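Enquirer:
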Amino acid sequence: MYELFSYGDAGWGDEILRGLAITVQLAVVTLPVGLFLGFLAAFASMSKWRPLRVLGFGYTTVMRGLPEILTLFVVYNGAGLLLNVILRWWSPEAPPTDFSPFAAGVIALGMVFGAFAGEVLRGAFQSLDIGQIEAGRAIGMTNRQIFLRIQLPQVWRFALPGLGNLWINMLKDTALVSVIALDDLMRMTKVAVGVTKQPFTFYLLACLIYWVMCVLSELVLAKLERRANRGIRRVTS
Amino acid sequence: MNPIEILIDYWPRLLDGALMTIKLTFLGALIAALVSPGFALIRVRVSPLAQAPLRLYVSFMRGTPILAQLFLIFYGSGQFRPALEDWGLWTFFRDPFNCALLAFALNSTAYQTEILRGGIMGVPQGEIEAAKAVGMTWRKTLARVVFPHAYRIAWPALGNEFILLMKASALASVVTVFDLMGRTRQVFSKTFDFSVYLWAALIYLFMTAVFVFVWRQAERYLSRHIEARERPRTTTPTVKGTQA
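First to last, the protein sequences are chains A and B. Heads up: the first sequence begins at 1 in the UniProt record's numbering, then just goes up one per residue. Heads up: the second sequence begins at 1 in the UniProt record's numbering, then just goes up one per residue.
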């Protein structure tokens, strides 16, 4: 039984760990992309300029309403088609190429994360006390200073619980990229199942690994939240 | 082919897929809705030690990808084929639709349990004491005081969960259920026409929009007595948008 999960040729331990590494890489690379899109979406939907507001609202609404796997296929196949069109225009003899599944995963998961994060961040910006911004202006801070010293530190505090949930959701959604042939944890599990014919054992192992990652994330997030709230006086009962 | 032609040629398939998506989502949510009130009560009432198995179940369901849960049930059941055949359950697990439904129902039960638990804990203690004071039995208190109020509190979150389930139901296509996503992939692999994905996206958005509308109406209906009481009695006109 334990041989199955051992390292080396006999066991599947190293293959599954390699898959896990891809999963973690994917999640870690997607996070900044998603956060960046989230800030863009939040600023767009708070903009004074109406078309930009409509754009931000449209992006968050549409992306949140679509199944993640559909988004992934749209990005993967759509980007693949686009890539080939450009390639053929560049040099007509070029053989058709596939779009990188990793890049498609980052873009698709990042777009989904960005749409949800946009709403979380907008909520955080809007729950800031307007008096603090006026106070900043009154003592002569520039807009940049107000943003960096007053708004951003508090937005972090307000948005952290929401962003933490999104991180966990995104971590779980990375399993979807196994469908577009990226060798992540899920797909390596599938390979192991194909050889060993022990589907329950290996899918349970995959589930347990995801579970551990989520529980660890929750612990870290709880710590981060405590740290972010360290300057706040709590009313204790 | 242009997008309109794709729709004209393949709309029966997409419609068929959409109906399958609705069936999966609705049945999954319904099964979960039947089980979760009981579970939620356990989460609120029973001692922490006794509810440990339930907490473990909820944590597992929320901490693992639905795709992995689906594979665990659909492919994993194959490992126990002889035993399942003995019990006559193999025909159930062989069908991808059943497995998908089971996975979604189990998953949604975990989420709905937590949502309802929040709702039950949000019911003011005074209401329960009042019910006791007028001599209601515990069952009556649950049926007439606790659950009606708990559902009103939990309503928006339950709606969100339904939408999440509808989105998750697209995963069933991976185990060869021909839901909307499955049909869409089928059409794409035949035509290589990208626009079929855009039609699928529109259909998903349409279904979500209709559901959100219906759910809002239901929420209004559930809280109609509160609305009536809170309506301003002075002659000032009602401010738009305050109802929600």
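All C-beta atoms, glycine included, are put in the ideal place defined by N, C-alpha and C. Note that the structure is a prediction, hence the values are computed from the model and not measured.
(1) Taking C-alpha atoms, which residue in Trp215(B), Arg94(B), Asp86(B) lies nearest to Glu161(B)?
(2) For Trp167(A), count neighbouring C-beta atoms within 10 Å of its own C-beta (all shown protein chains included) and say buried if the count is 16 or more, exposed if not.
(3) Pull up the distance between the alpha-carbon of Leu102(B) and that of Gly11(A), whole angstroms please.
(4) Any beta-carbon of chain B closer than 9 Å to the one on Val215(A)?
(5) Who are the neighbours of Pro124(B) on chain A, taking C-beta pairs under 7 Å?
(6) Specify whether the region 117-125 of chain A and the region 194-202 of chain A touch according to this definition: at least 3 beta carbon pairs, one from each stretch, less than 8 Å apart.
(7) Which residues in the same chain as Leu52(A) place their Cβ atom closer than 7 Å to its Cβ, once the five residues preceding and following it in sequence are excluded?
(8) Just the C-alpha distance for Ala143(B) and Phe158(A), rounded to the nearest angstrom, thanks.
(9) I'd like to know if Glu119(A) contacts chain B, where contact means its C-beta is closer than 9 Å to some C-beta of that chain.
(10) Pairs of beta-carbons, one from the region 66-75 of chain A and one from the region 170-180 of chain B, closer than 8 Å: are there three or more?
(11) With respect to the alpha helix (DSSP H) encompassing Asn160(B), which residues constitute its N-terminal and C-terminal limits?
(12) Can you tell me whether Ile139(A) is buried or exposed, with buried defined as 16 or more other CB within 10 angstroms of its CB?
(13) Counting along the chain, where does the alpha helix (DSSP H) carrying Ala175(A) start and finish?
(14) Could you list which residues in chain B have their beta carbon closer than 9 Å to that of Met186(A), in chain order?
(15) Could you pull out every residue in the same chain whose Cβ sits closer than 7 Å to the Cβ of Leu20(A), ignoring the five residues on either side in sequence?
(16) Using the Cα positions of Met141(A) and Lys223(A), report the straight-line distance between them to the nearest angstrom.
(17) Tell me which same chain residues have a C-beta within less than 6 Å of the C-beta of Tyr10(B), skipping the five on either side of it?
(18) How close, in whole Å, do the beta carbons of Phe113(A) and Gly34(A) come, if the pair is a contact with beta carbons under 8 Å?
(19) Assuming Leu83(A) and Phe99(A) form a contact by the criterion Cβ under 8 Å, report the distance between their Cβ atoms to the nearest whole angstrom.
(20) Go ahead and label Arg224(B) buried or exposed: buried means 16 or more other beta carbons lie within 10 angstroms of its beta carbon, across all protein chains shown.
(21) Round the Cβ separation of Ile130(A) and Arg137(A) to the nearest angstrom and send it over; I've been treating them as touching at under 8 Å.
(22) With burial defined as no fewer than 16 other Cβ atoms inside 10 Å of the residue's Cβ, what is the status of Met61(B): buried or exposed?
(23) Are there 16 or more other CB atoms within 10 angstroms of the CB of Pro237(B), so buried, or fewer, so exposed?
(24) Any idea what DSSP makes of Lys48(A), helix, strand or coil?
(25) Taking 6 Å as the limit between beta carbons, can you name the residues of its chain near Gly119(B), skipping five residues before and five after?
(26) Taking Pro204(A) as the reference, which of Gln217(B), Val146(B), Leu70(B) has the closest Cα?
Expert: According to the structure shown:
(1) Answer by Cα proximity: Trp215(B).
(2) buried
(3) For Leu102(B) and Gly11(A), the distance between alpha carbons rounds to 31 Å.
(4) yes
(5) Going along chain A, no residue has its Cβ under 7 Å from Pro124(B), so there is no contact; the nearest lies around 16 Å.
(6) no
(7) Ala44
(8) 37 Å
(9) no
(10) yes
(11) In this chain, the alpha helix (DSSP H) harbouring Asn160(B) covers 147-168.
(12) exposed
(13) Looking at the DSSP string, Ala175(A) is not in any alpha helix (DSSP H), and its letter there is neither H nor E.
(14) Pro65, Leu67, Ala68, Phe71
(15) Leu185, Ile209
(16) 32 Å
(17) The answer, listed in chain order, is Val187.
(18) 3 Å
(19) With a Cβ gap of about 5 Å, Leu83(A) and Phe99(A) count as contacting.
(20) exposed
(21) So it is not a contact: roughly 11 Å between Cβ atoms.
(22) With 16 or more Cβ atoms within 10 Å of its Cβ, Met61(B) is classed as buried.
(23) Low per-residue confidence applies at Pro237(B): pLDDT is 48, beneath 50, and the placement is therefore not dependable, though the value from the model is reported in the following sentence. Pro237(B) should be labelled exposed.
(24) coil
(25) Ala150, Ile153, Ala154
(26) In the sequence under discussion, the amino acid at residue 204(A) is Leu, which differs from the Pro named in the question. The shortest Cα separation from Leu204(A) among Gln217(B), Val146(B), Leu70(B) belongs to Leu70(B).
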